[in-house]
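Residue numbers for the sequence shown follow this note's numbering, so the first one is 5 and each next one is one higher.
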Amino acid sequence: MAYSDEKKTENSELSESQFVLNNEEEVEEETAHIESDFNNSEIGFVIDDTYEETEEPAAETVEDNPFVKDDDYGKNDTEENVNTVDTVDVTDFSTKKKDKKSIKGFFTKGRIIAISIIAAVLLILVAVFFTLSHFWRNGEMKMPGFLASTGLYQGDSFRYFDGITVNGVDIGGLTKEQAAKKIEAQMKVSSVDYEITVKYEDKSIVLKKKDFEYSAINGSALKDAKEYCIRVMKGEAKKEKRNYTCAVTLSSKCQKDLAEKVGKVIHKDPVNATIEKADAQGLVFLDEQKGYDLDKDDFFKQIGNVIAKQKEKSTITAKVKFKEPTIKKAELTENIQELSSHSTTSTNNANGTANMTKAMNMCNGTVIEPGEVWSFNATTGNSEDQSAGWLPAAAYSGGYVVQSVGGGICQASTTIYVAALYANLGVVERSAHAWQSSYASPGFDATVDYRSLDLKLKNTSKYPVYLSCGASGRVMTCKIYGSKKDFFDKVEVFTETTARVPGEYFTVRTYRRVTLNGN
Numbered sequence: 005m006a007y008s009d010e011k012k013t014e015n016s017e018l019s020e021s022q023f024v025l026n027n028e029e030e031v032e033e034e035t036a037h038i039e040s041d042f043n044n045s046e047i048g049f050v051i052d053d054t055y056e057e058t059e060e061p062a063a064e065t066v067e068d069n070p071f072v073k074d075d076d077y078g079k080n081d082t083e084e085n086v087n088t089v090d091t092v093d094v095t096d097f098s099t100k101k102k103d104k105k106s107i108k109g110f111f112t113k114g115r116i117i118a119i120s121i122i123a124a125v126l127l128i129l130v131a132v133f134f135t136l137s138h139f140w141r142n143g144e145m146k147m148p149g150f151l152a153s154t155g156l157y158q159g160d161s162f163r164y165f166d167g168i169t170v171n172g173v174d175i176g177g178l179t180k181e182q183a184a185k186k187i188e189a190q191m192k193v194s195s196v197d198y199e200i201t202v203k204y205e206d207k208s209i210v211l212k213k214k215d216f217e218y219s220a221i222n223g224s225a226l227k228d229a230k231e232y233c234i235r236v237m238k239g240e241a242k243k244e245k246r247n248y249t250c251a252v253t254l255s256s257k258c259q260k261d262l263a264e265k266v267g268k269v270i271h272k273d274p275v276n277a278t279i280e281k282a283d284a285q286g287l288v289f290l291d292e293q294k295g296y297d298l299d300k301d302d303f304f305k306q307i308g309n310v311i312a313k314q315k316e317k318s319t320i321t322a323k324v325k326f327k328e329p330t331i332k333k334a335e336l337t338e339n340i341q342e343l344s345s346h347s348t349t350s351t352n353n354a355n356g357t358a359n360m361t362k363a364m365n366m367c368n369g370t371v372i373e374p375g376e377v378w379s380f381n382a383t384t385g386n387s388e389d390q391s392a393g394w395l396p397a398a399a400y401s402g403g404y405v406v407q408s409v410g411g412g413i414c415q416a417s418t419t420i421y422v423a424a425l426y427a428n429l430g431v432v433e434r435s436a437h438a439w440q441s442s443y444a445s446p447g448f449d450a451t452v453d454y455r456s457l458d459l460k461l462k463n464t465s466k467y468p469v470y471l472s473c474g475a476s477g478r479v480m481t482c483k484i485y486g487s488k489k490d491f492f493d494k495v496e497v498f499t500e501t502t503a504r505v506p507g508e509y510f511t512v513r514t515y516r517r518v519t520l521n522g523n
């Protein structure tokens with residue numbers, strides 16, 4: 005029901021509900037009209053949470069009428085000509101009862117029977133499927149092709165037939181993941197006391213059970229076993245007990261340790277061709293030799309197979325990867341030639357000449373490989389050791405000539421030094437005498453002392469250098485052989501006096517001019 009506080013409403017949809025406050029009669033008449041409307045309505049109103057109806061409605065006063073507001077008009081103000089009633093939604097208290105009746109009506113006896121039958125059929129089908137799957141899985145009954153080929157049944161739930169083993173481990177009834185874990189666990193606790201001999205040519209090493217630590221399996225064994233089971237399901241193969249072999253993956257730490265342990269034994273450095281000797285007929289060369297290292301991939305594959313078969317004792321032949329030498333005999337034959345030659349004549353006594361001859365013979369046949377540094381003292385040893393055959397002879401010491409064991413060997417080192425200058429060898433260490441030598445020009449001598457002074461030469465070419473040293477009577481000669489290729493065309497050596505005090509001393513500086521390809 006609509007109402008308004010305004011005395012007059014213009015151009016309103018509620019034009020029929022205008023309020024008149026002239027006299028009480030009209031109010032009573034209007035009230036009676038409203039009461040009449042209430043009696044004719046089938047709608048009951050809920051006021052203050054109570055519901056009340058009377059057979060004959062009594063006259064209402066303004067105070068009793070809930071549709072009259074006295075806020076603005078005072079106690080005697082009333083509504084007039086209110087004959088429009090708004091629709092009020094009233095709760096239907098019978099809804100819950102109707103819902104219960106509807107649910108009860110749905111589950112009729114006929115419907116319950118139908119649902120029960122459907123459920124029973126589904127349960128029977130599921131039971132039949134799983135019963136059949138038992139026979140399919142065990143290969144006792146041919147599986148429908150569409151199930152076997154599409155993987156509808158194989159999927160994650162696939163299980164291997166009873167009687168299928170991998171590395172001797174029974175995996176019947178297991179999924180692929182379960183089978184892999186069982187095989188790995190079995191490998192880790194294996195009681196096999198291994199004794200595996202790894203050999204190559206004349207080299208060998210024995211590995212024991214303690215040398216192995218496992219981490220996983222690899223290979224196609226589980227895949228092959230599954231494919232076989234599927235073929236049996238399809239009826240394409242006969243069911244039988246089968247064992248498959250798979251390799252075993254060793255832990256990364258185990259692989260590293262084994263590769264290092266076995267690799268040290270199964271290893272050989274390549275050997276370059278070199279000069280063996282120089283004789284009257286010329287130079288004699290030694291052939292090159294290939295080197296090799298353990299083929300790790302093949303090694304671990306063979307080890308895995310042995311462990312998979314669980315053989316207590318076995319021998320495997322290692323494979324190797326060859327390493328070619330960098331210098332071959334053919335190159336040496338083509339390129340090696342005499343680079344330089346130098347001779348000196350002894351002015352020492354017999355013992356001194358014997359000492360220098362001994363030193364030249366010990367240096368004879370020396371091969372200095374590319375990049376290598378050669379030491380005179382390391383080659384001749386302790387020249388002050390008389391028990392080693394060195395004799396007392398004249399030698400310089402503190403500016404004086406004295407008798408010293410090994411005296412005279414400085415002439416041997418000087419002879420080799422001058423030959424090295426003309427062969428363009430690098431000079432790493434060299435010392436001059438305090439006094440001018442009788443057998444060498446100033447700047448061309450090289451004194452040695454086992455305790456403090458040495459002559460060291462370096463081969464800066466890419467081919468080996470050979471020292472041919474010897475003595476003929478009192479003449480000491482050193483010839484150096486090597487390759488001039490990419491090394492030098494011509495070497496010139498000269499000296500320059502940089503300072504001189506007559507009667508006291510003079511200083512000499514030695515120079516070497518090397519020409520290669522005209523530069």
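Positions of the beta carbon are idealized from the N, C-alpha and C atoms, including for glycine.
Other residues of its chain near residue i: CB distance less than 8 Å, five sequence neighbours each side excluded
| i | result |
| --- | --- |
| K460 | V377, W378, S379, F380, V431, V432, E433, R434 |
| K245 | G167, I168, T169 |
C-beta atoms of residue i and residue j nearer than 7 Å
| i | j | result |
| --- | --- | --- |
| A392 | G411 | no |
| C233 | Y296 | no |
| T562 | R516 | Because the chain is modelled from 5 through 523, residue 562 falls outside the range shown and cannot be assessed. |
| Q415 | Y443 | yes |
| V275 | Q259 | no |
| S487 | I372 | no |
| V405 | P396 | no |
| A334 | C250 | no |
| Y426 | S344 | yes |
| T348 | R478 | no |
Beta strand (DSSP E) segment containing residue i, residue limits
| i | result |
| --- | --- |
| G295 | 295-298 |
| S255 | No beta strand (DSSP E) holds S255; DSSP gives it neither H nor E. |
| K203 | 199-204 |
| F289 | 286-290 |
Through-space distance from residue j to residue i, alpha-carbon basis
| i | j | result |
| --- | --- | --- |
| A184 | D291 | 53 Å |
| N353 | I484 | 27 Å |
| T370 | L298 | 33 Å |
| T451 | M360 | 12 Å |
| K489 | L336 | 11 Å |
| L524 | I270 | Outside the displayed range of the chain (5 to 523) lies residue 524, so it cannot be described from this structure. |
| N386 | Y454 | 6 Å |
| E388 | A277 | 36 Å |
| V469 | A423 | 12 Å |
| E338 | F289 | 11 Å |
| S421 | F448 | Checking the sequence shown, residue 421 turns out to be Tyr, not Ser. Approximately 8 Å between the Cα atoms of the pair. |
| L310 | F304 | Sequence inspection shows Val at residue 310; the Leu mentioned does not correspond to that position. Roughly 10 Å between the two C-alpha positions. |
| F491 | G308 | 52 Å |
| L457 | N523 | 35 Å |
| A263 | D273 | 17 Å |
| K242 | V236 | 6 Å |
| F162 | T179 | 6 Å |
| A131 | K214 | 51 Å |
| V266 | A225 | 28 Å |
| L528 | K227 | Past the boundaries of the shown model lies residue 528; the chain is included only from 5 to 523, so the question cannot be answered. |
| I122 | T135 | 20 Å |
Where residue i falls: helix, strand or coil (DSSP)
| i | result |
| --- | --- |
| T112 | coil |
| R517 | strand |
| K323 | coil |
| E316 | coil |
| K260 | helix |
| D301 | helix |
| E244 | coil |
| I311 | helix |
| F492 | coil |
| T418 | helix |
| A183 | helix |
| E433 | strand |
| A474 | Rather than Ala, the amino acid found at residue 474 in this sequence is Gly. Residue state, collapsed to three classes: strand. |
| V269 | helix |
| F448 | coil |
| G393 | coil |
Own chain residues within Cβ distance below 7 Å of residue i, not counting five before or after
| i | result |
| --- | --- |
| K212 | Y198, E199 |
| T201 | S208, V210, T319 |
| V173 | K186, I187, Q190 |
| M366 | T383, T384 |
| Y204 | I270, T321, A322, V324 |
Element boundaries [alpha helix (DSSP H), containing residue i]
| i | result |
| --- | --- |
| I234 | 225-237 |
| N368 | Counting along the chain, N368 falls outside any alpha helix (DSSP H), and DSSP gives it neither H nor E. |
Same chain, Cβ closer than 6 Å to residue i, neighbours up to 5 away in sequence not counted
| i | result |
| --- | --- |
| C482 | H346, T419, I420, A423, C473 |
| K462 | V377, G430, V432 |
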